[in-house]
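Numbering-wise, the sequence shown is residues 1 to 337 according to the UniProt record's numbering.
Shown next, in structure tokens, is the structure this report addresses.
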Amino acid sequence: MRVMIISITEQGEKIADKIYNKFKNDPRVIKVSKFHKNVKSVLKKYFKEYDVIIGIMATGIMVRSIVNLLSKKYKDPGVIVIDDAGKNVISLLSGHLGGANELTKEIAEIINANPVITTSTDVHGFVGIDSLAKKYYWKILNPELIVEFNSAILKNKTIKLLSRKNLRYIFKNPKISRSYSWEMADVDGIQAILNNKKLKMVPLNLVIGIGTKKNIEKRKVIEAINDAVEILKIDIKRIDALATGEMKKNEVGLLDTAKELNLPLLLVKKEELKNKNYPSDSKFVRKKFGIGSVCEPAALHVAGKNSQLILRKITRDGVAVAAAVGEGNLKGNKVTS
Numbered sequence: 001m002r003v004m005i006i007s008i009t010e011q012g013e014k015i016a017d018k019i020y021n022k023f024k025n026d027p028r029v030i031k032v033s034k035f036h037k038n039v040k041s042v043l044k045k046y047f048k049e050y051d052v053i054i055g056i057m058a059t060g061i062m063v064r065s066i067v068n069l070l071s072k073k074y075k076d077p078g079v080i081v082i083d084d085a086g087k088n089v090i091s092l093l094s095g096h097l098g099g100a101n102e103l104t105k106e107i108a109e110i111i112n113a114n115p116v117i118t119t120s121t122d123v124h125g126f127v128g129i130d131s132l133a134k135k136y137y138w139k140i141l142n143p144e145l146i147v148e149f150n151s152a153i154l155k156n157k158t159i160k161l162l163s164r165k166n167l168r169y170i171f172k173n174p175k176i177s178r179s180y181s182w183e184m185a186d187v188d189g190i191q192a193i194l195n196n197k198k199l200k201m202v203p204l205n206l207v208i209g210i211g212t213k214k215n216i217e218k219r220k221v222i223e224a225i226n227d228a229v230e231i232l233k234i235d236i237k238r239i240d241a242l243a244t245g246e247m248k249k250n251e252v253g254l255l256d257t258a259k260e261l262n263l264p265l266l267l268v269k270k271e272e273l274k275n276k277n278y279p280s281d282s283k284f285v286r287k288k289f290g291i292g293s294v295c296e297p298a299a300l301h302v303a304g305k306n307s308q309l310i311l312r313k314i315t316r317d318g319v320a321v322a323a324a325v326g327e328g329n330l331k332g333n334k335v336t337s
């Protein structure tokens, strides 16, 4: 998640600082930038470069500043507005696919404010189809049907999900069970069925990249992976593959982890790790392997086309993990033993 924070007043800048300091240490936030004043010019220049825009200003100022920058609801970034007294955090735009609703709740906790969310499915306690897709990293192929499906959900209709992969894990959430059912079927990706309408979704490849100290224990690797999925608020069964550098091909703890989780472990050549852009850099790893990180570039490479990090490197007991999503076929060389 790439986040921009922009303020106008001195009071607003203090709130921006508080949010910035929290987010710069949040591994889900891949990039966070802070701006002060020059709202229209800053937004015009950077609007498309961020996933979420947070403005500490009057709602009217934000609306007038972005009105000519908007394209489509499934492409625009999430936009959040906060008054400069820090009393209200308002999810203004792209509450579901842009992630503004969930982030509004988090920011409200950070600054002890009132979260303001106005999307109908949320205020009535439902999970919209676009919210479901956002949570589990499913790409919606025909987003023009979102409104029709969410309207049906608001009328207490059940949306049937069809897929080849087992989706039972999503029903641990009672709000999801309230509006959805699932059947295994020979279909591409995931199909949501409403009467004779099909909303088609493709799950992005979700890959956990791993770097470890030598002779690491399986238990420690699994604990680190559990940390990652907890931060991402997903089920471990949503993971599609594990990734690491080829120098770790004989690491028993990694091999045993892949077996226990029933996931492919894919190896990435050092040259391919070097070709990826990633935010973390370890002097120890660079000295030993000639690269600044293993887990981040490994995840990015294996995730496939248009890959992007969704979790920066986190470490625990000699294990470093990161997460990325991407499209198409998984890359890397599969380890089978």
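Cβ coordinates follow ideal geometry from the N, Cα and C atoms, glycine included.
Only a predicted model underlies this, so the values are computations on that prediction, with no experimental measurement involved.
Tell me which residues share the same chain as Lys87 and place their Cβ nearer than 7 angstroms to its Cβ, disregarding the 5 neighbours each side in the sequence.
Ala113 and Asn114
Can you give the beta carbon distance from Val302 to Gly292, rounded, assuming they're within the 8 angstroms contact cut?
Not quite, the Cβ-Cβ distance comes to about 18 angstroms (not below 8 angstroms), so this is no contact.
Which whole-angstrom value describes the C-beta separation of Ile8 and Val52, a residue pair presumed to lie in contact below a C-beta threshold of 8 angstroms?
Not really, about 18 angstroms apart at Cβ, beyond 8 angstroms.
With distances taken between CB atoms, is the gap from Glu246 to Leu266 smaller than 8 angstroms?
no
Thinking Arg238 and Leu206 are a contact (beta carbons under 8 angstroms), I'd like their distance in whole angstroms, please.
6 angstroms
In terms of DSSP beta bridges, what is residue 360 paired with?
Because residue 360 is not part of the residues shown, which for the chain are 1 to 337, the question remains open.
What does the alpha-carbon distance come out to for the pair Asp122 and Ala324?
27 angstroms
List the whole-angstrom C-beta distance separating Leu311 from Ile231, where the pair is believed to meet the contact cut-off of C-beta under 8 angstroms.
Their Cβ separation, rounded to whole angstroms, is 6 angstroms, which keeps Leu311 and Ile231 in contact under 8 angstroms.
With a threshold of 8 angstroms, are at least 3 pairs of Cβ atoms found where one atom belongs to the stretch 15–32 and the other to the stretch 92–111?
Touching, per the Cβ criterion.
Burial state of residue 339, where buried means 16 or more other Cβ atoms lie within 10 Å:
A question about residue 339 goes unanswered here, because the residues of the chain that appear run from 1 up to 337.
I think Ala211 touches Thr244, with their Cβ atoms under 8 angstroms apart; what is that distance to the nearest whole Å?
According to the sequence displayed, residue 211 carries Gly and not Ala. Indeed, because the Cβ distance is near 7 angstroms, the residues count as touching under 8 angstroms.
Indicate whether Ile117 and Ile56 have their beta-carbon atoms separated by less than 8 angstroms.
no
Beta-carbon separation of Ile5 and Val32 under 8 angstroms?
Going by C-beta atoms, Ile5 is nearer than 8 angstroms to Val32.
Give me the Cβ distance between Gly209 and Val319, rounded to the nearest whole Å; I'm assuming they're in contact under 8 angstroms.
Wrong, their Cβ atoms sit about 11 angstroms apart, outside the cutoff.
Thinking Lys218 and Gly253 are a contact (beta carbons under 8 angstroms), I'd like their distance in whole angstroms, please.
5 angstroms
Who are Ile159's beta bridge partners in DSSP?
Tyr180
Do the stretch 187–207 and the stretch 150–165 make contact, defined as three or more Cβ pairs closer than 8 angstroms?
yes
Whole-angstrom C-beta distance between Asn329 and Gly304, which should lie under 8 angstroms
At roughly 6 angstroms, the Cβ-Cβ gap stays under 8 angstroms, so Gly304 and Asn329 are in contact.
Short of 7 angstroms in beta carbon distance, which residues of its chain neighbour Asn38, apart from the five on each side in sequence? Order them along the chain.
none
Name the one or two DSSP bridge partners that Glu327 has.
Lys305
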